[in-house]
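What follows is a single structure, written as structure tokens, with notes after it.
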Amino acid sequence: MAESQTDASRGRMIVRCLSPGCVHVALMDPRGLFGPTRDWPAAGRSQRFRCVCGGRESRISYAAGAAPAEAAAAPDAIHLWG
Numbered sequence: 013m014a015e016s017q018t019d020a021s022r023g024r025m026i027v028r029c030l031s032p033g034c035v036h037v038a039l040m041d042p043r044g045l046f047g048p049t050r051d052w053p054a055a056g057r058s059q060r061f062r063c064v065c066g067g068r069e070s071r072i073s074y075a076a077g078a079a080p081a082e083a084a085a086a087p088d089a090i091h092l093w094g
């Protein structure tokens with residue numbers, strides 16, 4: 013399968029903070045951050061990102077469209093992590 017087809021099927025990367033009581037979620041385009049799909053973080057638990065709350069434990073998932081497959085986060089809860 014060509015890489016562009018793989019990118020399109022995986023879509024947006026969703027990073028959700030797993031700290032107790034935290035509701036922060038980031039929805040981002042992994043192509044701009046990580047380049048080709050082989051460099052994208054694997055789905056599942058990760059400590060690669062730091063939330064604005066200070067938490068380092070997160071869950072990474074991918075959604076084919078712009079909206080996450082899970083329940084949508086409140087618009088004011090979405091923050092870009094670094």
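Numbering-wise (my numbering), the sequence shown opens with residue 13 and increments by one.
C-beta: ideal position from N, C-alpha, C; glycine also.
Computed from a predicted model, the values in this text were never measured in an experiment.
The beta carbon of C29 is closer than 6 Å to those of H36, C63, G67, S70 in its chain, skipping five residues each way along the sequence. Per DSSP, the continuous alpha helix (DSSP H) segment holding R43 begins and ends at 42 to 46. Straight across, the Cα-Cα distance linking Y74 with C34 is about 20 Å. A38 counts as buried, since no fewer than 16 other beta carbons sit within 10 angstroms of its beta carbon. Sequence-distant partners of Q59 (beyond 5 residues in either direction) whose C-beta falls short of 7 Å from its own C-beta, in its chain, are R68, E69. Here R71 is bridged, per DSSP, to R28, R57.
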